[in-house]
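Undergrad: To start, I am sharing the structure in question, which I have written as structure tokens.
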Amino acid sequence: MLTPPRTVVRRDGGLYALERALQRRGFRHVAGADEAGRGACAGPLVAAAAVLPEGRRGEIDELADSKLLTPAARERVYDEVVARALAYAVVVIPADEVDARGLHVCNLAAMRRALALLTTRPEYVLTDGFGVDGLDVPGLAVWKGDRVAACVAAASVLAKVTRDRIMVELDERYPGYGFAEHKGYITPEHSAALRERGPCREHRFSYVNVATVSGRDGRPPRSRRPAAGSPEEALFGVPDEAFADGPDEPMERSGAPGGTVGVALGEQPRPPAPVGEDVVMEGGVR
């Protein structure tokens, strides 16, 4: 029995080379999945998946790893991905669910859910950095996938823009922390606000820095945030009504055409790497 020849993808082949190679092998619909907010200690974890069309229609100007794009460029690319993608989906996991289930578990579950929500069923899946189990199609974990695979880069933009918009909204609801600027990552300004004000409901209480300033560093790492009206609530420097809404539910969005890093207890941060605009917020170095 003859074995098929190996497919070689050159490092200098460009952002679309890997998908094109898979498509030549018969995998027409290649999905990419990525997340945003893994390193933040406040706000949700957001995962996205996208399937780009074959050929020129799937080639999007300025498409790149979301961390290498300016905010204005990300918004332009986001609009193009939404307009051109055969299918896309975004899943939002709130901070209290990250505390309850753990960061890595939520990360994998969010990407798995985003892939399941795609209206065009993928025939192959590319993920950024680590594999996602439980899929019924073949897949490949690609180191720095958002820089070498177009569909992963598209997913990274969807996740990043969605999360940034949420953090801007949270800045209005919880003023004083600077969420609109640092998006929940541990900048010096955010650390100073945490020390001064204590954490709000949107912080991740399972993270070392949040647990320390909240006085819960001696508790089990996934202790739930204080209930509304409880004596502990006075520790956090926020009004009663901030805790009165009950737990947030994960949001799912799908569609088709038309500094230091905060680390959860028991988790290890990703190796830092030089990046663009979000260099300090996402663990890079200038």
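In our numbering, the protein residues as written are 3 to 288. No residue lacks a Cβ here, since even glycine has one placed at the ideal position from N, Cα and C.
Whole angstroms is fine: what's the gap from Ala152's alpha carbon to Gly186's?
TA: Computed Cα separation, rounded: 27 angstroms.
Undergrad: Report the three-state DSSP secondary structure of Leu142 (helix, strand or coil).
TA: Leu142: strand per DSSP, three-state reduction.
Undergrad: In the stretch 26 to 77, which residue ranges form an unbroken beta strand (DSSP E) of at least 3 residues, counting only runs that do not cross its ends?
TA: With a minimum length of 3 residues, the continuous beta strand (DSSP E) runs that stay inside the stretch 26 to 77 are 32 to 38 and 47 to 53.
Undergrad: Any Cβ of chain C within less than 8 angstroms of the Cβ of Val170?
TA: Chain labels in this structure do not include chain C; a single protein chain is all it has.
Undergrad: Can you give the Cα-Cα distance for Glu21 and Arg175, rounded to whole angstroms?
TA: Between Glu21 and Arg175, the C-alpha separation is close to 41 angstroms.
Undergrad: DSSP three-state call for Asp101: helix, strand or coil?
TA: Looking at Asp101 - three-state DSSP - the assignment turns out to be helix.
Undergrad: Which complete beta strand (DSSP E) runs does the stretch 106 to 193 hold, if anything under 3 residues is left out?
TA: Those beta strand (DSSP E) runs which fall completely within the stretch 106 to 193 and span 3+ residues are 126 to 130 and 141 to 144.
Undergrad: According to DSSP, is Ala91 helix, strand or coil?
TA: Strand at Ala91.
Undergrad: Buried or exposed, going by whether 16 or more other CB atoms sit within 10 Å of the CB of Leu17?
TA: Buried, because 16 or more other Cβ atoms sit within 10 Å of the Cβ of Leu17.
Undergrad: If we ignore side chains and look at the alpha-carbon of each, how far apart do Ala111 and Gly178 end up?
TA: The alpha-carbon atoms of Ala111 and Gly178 are separated by roughly 32 angstroms.
Undergrad: Note down, in chain order, each residue of its chain lying with its Cβ closer than 7 angstroms to the Cβ of Ala157, except the 5 sequence neighbours on either side.
TA: Only Gly34, Ala35, Asp36, Ala50, Ala51 and Ala52 meet the Cβ criterion.
Undergrad: Output needed for Val204: all residues of its chain with C-beta closer than 7 angstroms, excluding positions within five of it in sequence on either side, in chain order.
TA: The sequence given here has Glu at residue 204, not Val. Once the five neighbours on either side are set aside, the close Cβ partners of Glu204 are Ala44, Gly45, Ala97, Leu172 and Tyr176.
Undergrad: Using only CA atoms, which one of Asp130, Arg30 and Ala85 lies nearest to Leu142?
TA: Comparing Cα-Cα distances from Leu142 to each of Asp130, Arg30 and Ala85, the minimum goes to Asp130.
Undergrad: What's the call for Gly60, buried or exposed, on a 16-neighbour Cβ count within 10 Å?
TA: With 16 or more other Cβ atoms within 10 Å, it is buried.
Undergrad: Taking Leu128 as the reference, give the member of Thr121, Ile168 and Met113 with the closest Cα.
TA: Comparing Cα-Cα distances from Leu128 to each of Thr121, Ile168 and Met113, the minimum goes to Met113.
Undergrad: Under DSSP, the alpha helix (DSSP H) around Ser216 begins and ends at which residues?
TA: Ser216 -> alpha helix (DSSP H) spans Val210 to Ser216.
Undergrad: Less than 8 angstroms between the CB atoms is what I'm expecting for Asp101 and Ser193, so what's the real figure, rounded?
TA: Not really, about 19 angstroms apart at Cβ, beyond 8 angstroms.
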